[in-house]
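Notes to accompany the following structure.
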Amino acid sequence: MFRGPALPCPACRRTYEAIDWIDAEHCRCLRCREDFDFISFPALSAKSEVVRPQAITFAEDSSCFFHAENQAEKLCDDCGRFLCHVCAVPMSGRTLCPTCIASAKKNDVQLVTSRVVPGGAALLLAVLPILMWPITCITAPAALYLAITGWKKPQSLVKPRRWKLLVAGLIASLQIIGWCVVVGGLFLNSATL
Amino acid sequence: MKNPYTRLTRSPVSFGVYRHLWLADDHIMQVESTGYSENYQRFRFEDIQGFFVTTSNWRIWWNIVWGLWVIVAGLAFAGALSNYETPVVSAVFLIIGLTFLCWNSLLGRTCRVFIVTKVQTAQLGSIGRRRTFNRVMARIQPLITAAQASLVNNEQEFARAAETPPSIPAPPPLSST
Chain A
-16 MFRGPALPCP
-6 ACRRTYEAID
4 WIDAEHCRCL
14 RCREDFDFIS
24 FPALSAKSEV
34 VRPQAITFAE
44 DSSCFFHAEN
54 QAEKLCDDCG
64 RFLCHVCAVP
74 MSGRTLCPTC
84 IASAKKNDVQ
94 LVTSRVVPGG
104 AALLLAVLPI
114 LMWPITCITA
124 PAALYLAITG
134 WKKPQSLVKP
144 RRWKLLVAGL
154 IASLQIIGWC
164 VVVGGLFLNS
174 ATL
Chain B
1323 MKNPYTRLTR
1333 SPVSFGVYRH
1343 LWLADDHIMQ
1353 VESTGYSENY
1363 QRFRFEDIQG
1373 FFVTTSNWRI
1383 WWNIVWGLWV
1393 IVAGLAFAGA
1403 LSNYETPVVS
1413 AVFLIIGLTF
1423 LCWNSLLGRT
1433 CRVFIVTKVQ
1443 TAQLGSIGRR
1453 RTFNRVMARI
1463 QPLITAAQAS
1473 LVNNEQEFAR
1483 AAETPPSIPA
1493 PPPLSST
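Read top to bottom, the protein sequences are chains A and B.
At position 111 of the first sequence the residue is numbered 94 (this note's numbering), and the sequence of numbers has no breaks.
So the number in this note's numbering is just where the residue sits in the second sequence, counting from 1, plus 1322.
Below, the structure written as C-alpha cells:
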C-alpha cells in the first residue's frame, strides 16, 4: 500500500485517515468514495521551519516591541519597530510587524481581501429600470450618486477601469434631464392654463 | 499604473457569483465577483503544496437539460412540418438547443479543483473543465516549480546528509606501557 501525504479529503473534509492513496498521483476518499488526481509540489514534503525566538541574555540587548522578554532580531520595514523572530512577518520581500499588516490591509494591493466596485451596480441601476421607466425618477439619482461617489473609491484590483461609472453617470444624467424637461413642461402648461 | 494581473480563466456558468482566476508575478488570485463587490483569495507559489482534481457530473446534467430542450423543440419542429407550416420559432429553439448541446459536449469533462496550501484546502471554483485545468497548470506549474526550487535543493541536501555516514574519529594511539 502506498503511503501518501496526510491530507484531509477536500470534498467531504473528513478525517485525515479517510484518504486511501493508490499511488503518488491518485487517491480515493473512503468516506465519500470520491476519486482524486493529485499533483504535488516540493512544498508538500518540505520541513516546516520552527521559529524560536531568542530570550534576552544581556541587559543591553534590544527587546521586541511586542514581546519584552524576546531579543529583537529584525526591524519592521514600515514603522521601524524592533521585532523578534515570531513578530517579523515576511511579506513580498519585506518584513512587517502585525500592526503594519493590519493597517496596510485596506490599501496595500498585496493584502486587500475585498473591494466594493460600484461601477457594475451603477450601470445596472441606470440601465435596467428603463424597462419600467416610471421608476427611473428614483433610480437615476441613485445611479448618479453611485457613479459620483464611486469615482474616487479604489477600483477593482483586476479590472481597474472606470468606464462603467462614466456610462452609468451619463445615462442617469440623461434620465434626470428627461424628467426635468417633463416636469418643467407640465409645470409651464399648468401655469399658462 | 500597469495592471499586475493577467487573466487565467473566465467564470464557469454560475448564478450570482462569478469566479475568475488571475496570475501575478508571485501568486495566483481567485476573484469572486457579485457585480457590486469583489473578494480576493491569493495563493503564493511558494505555499502551494498541490492540487486535487476530481471529475464532476455537471457536463452530464447540462447535456440532459439541453437534450430535453432539443427533444421538445424537435417535436414542435416535426409537428409544424407535418402540418405543412413553416416552423420558424421551433427551428430557432432547436438551433439554440443543438448549439449549446454541442458546445457543452465539446468543452470536455467537467471537474472540481482544490488547491492545497500550508494552511488551507480551498476549492478553485473558477476552474470547471478539465481542459481549462490542464491549460492553467501548463502556465503555472513552471512558475510554482521555480518558486520552490530552493525547497528542492534543501531536501537534496538533507537527503545527502542522511545518506553520508557520520565520520568516525580515529581512535587515539595506544600508549605503550
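Built from N, CA and C at the ideal position, the CB exists for glycine as well.
{"Item": "Residues bridged to A/K57 (per DSSP)", "Value": "A/L66"}
{"Item": "A/W116 beta carbon near the ligand MG (any heavy atom closer than 7 Å)", "Value": "Only the bare structure without any ligand can be found here, which leaves the ligand MG out of the picture."}
{"Item": "Nearest candidate by alpha-carbon position, reference A/K135, set A/G102, A/I22, A/R35, A/P36", "Value": "A/G102"}
{"Item": "Cβ shell of B/N1361 (< 6 Å), same chain only, five flanking positions each side left out", "Value": "E1354"}
{"Item": "Cutoff 8 Å: B/W1425 Cβ touching any chain A Cβ", "Value": "no"}
{"Item": "Nearest-angstrom Cβ-Cβ length linking B/N1385 and B/L1423, presumed shorter than 8 Å", "Value": "7 Å"}
{"Item": "Contacts around A/V72, its chain only, beta-carbon distance under 8 Å, and the 5 residues preceding and following it disregarded", "Value": "T78, L79, C80, P81, I84"}
{"Item": "Run of the alpha helix (DSSP H) containing A/W162, from where it starts to where it stops", "Value": "146 to 175"}
{"Item": "Separation of A/A38 from A/H68, as counted between CA atoms", "Value": "11 Å"}
{"Item": "Neighbour list for A/F41 in chain B, Cβ cutoff strictly below 9 Å", "Value": "Correct list: empty, because the minimum Cβ distance to chain B is about 33 Å."}
{"Item": "Within chain A, the residues that B/S1359 reaches when beta carbons sit closer than 8 Å", "Value": "S97, R98, V99, V100"}
{"Item": "Inter-residue CB distance, A/L127 and A/S156 (contact presumed, cutoff 8 Å)", "Value": "6 Å"}
{"Item": "C-alpha distance - A/P(-12) paired with A/L27, whole-angstrom precision", "Value": "8 Å"}
{"Item": "Length of the line joining the Cα atoms of B/W1391 and B/V1410", "Value": "16 Å"}
{"Item": "Proximity of B/C1433 and B/S1472 at Cβ, strictly below 8 Å", "Value": "no"}
{"Item": "Candidates A/L66, A/R(-3), A/D91, A/G168: closest to A/Q138 by CA position", "Value": "A/D91"}
{"Item": "Extent of the continuous beta strand (DSSP E) run through B/N1385", "Value": "Not the beta strand (DSSP E): B/N1385 falls in the alpha helix (DSSP H), residues 1380 to 1404."}
{"Item": "Length of the line joining the Cα atoms of B/V1339 and A/V99", "Value": "14 Å"}
{"Item": "B/T1331 burial status per 10 Å Cβ neighbour count (16 or more: buried)", "Value": "buried"}
{"Item": "Whole-angstrom distance between A/C59 and A/A51, CA atom to CA atom", "Value": "16 Å"}
{"Item": "Within chain B, the residues that A/A104 reaches when beta carbons sit closer than 8 Å", "Value": "G1357, Y1358"}
{"Item": "Through-space distance from B/A1444 to B/A1469, alpha-carbon basis", "Value": "20 Å"}
{"Item": "Nearest candidate by alpha-carbon position, reference B/L1446, set B/I1418, B/Y1327, B/T1356, B/W1344", "Value": "B/W1344"}
{"Item": "Spatially closest choice to B/L1428 from B/T1328, B/R1452, B/K1440, B/I1437, by CA coordinates", "Value": "B/R1452"}
{"Item": "Contacting positions in the stretch 103 to 135 of chain A - beta carbon closer than 8 Å to chain B", "Value": "G103, A104, L107"}
{"Item": "Proximity to A/R35 [Cα-Cα], best of A/V150, A/A123, A/A55, A/P124", "Value": "A/A55"}
{"Item": "Cβ of B/E1407 within 8 Å of any chain A Cβ", "Value": "no"}
{"Item": "Cross-strand partners of B/D1347 (DSSP beta bridge)", "Value": "B/D1347 is not bridged to any residue."}
{"Item": "Per-residue contacts from A/L(-10) into chain B (C-beta, under 9 Å)", "Value": "Q1371, G1372, F1374, V1438, T1443"}
{"Item": "Interface flag, B/V1458 vs chain A, CB-CB below 8 Å", "Value": "no"}
{"Item": "Residue-level contact to chain A via CB, B/I1466, 8 Å cutoff", "Value": "yes"}
{"Item": "Residues that DSSP places opposite B/G1372 in a beta bridge", "Value": "A/S23, B/V1438"}
{"Item": "Same chain, Cβ closer than 6 Å to A/R64, five either side skipped, listed in chain order", "Value": "F48, C80"}
{"Item": "Neighbouring residues, chain B, relative to A/V165 (Cβ below 9 Å)", "Value": "Correct list: empty, because the minimum Cβ distance to chain B is about 30 Å."}
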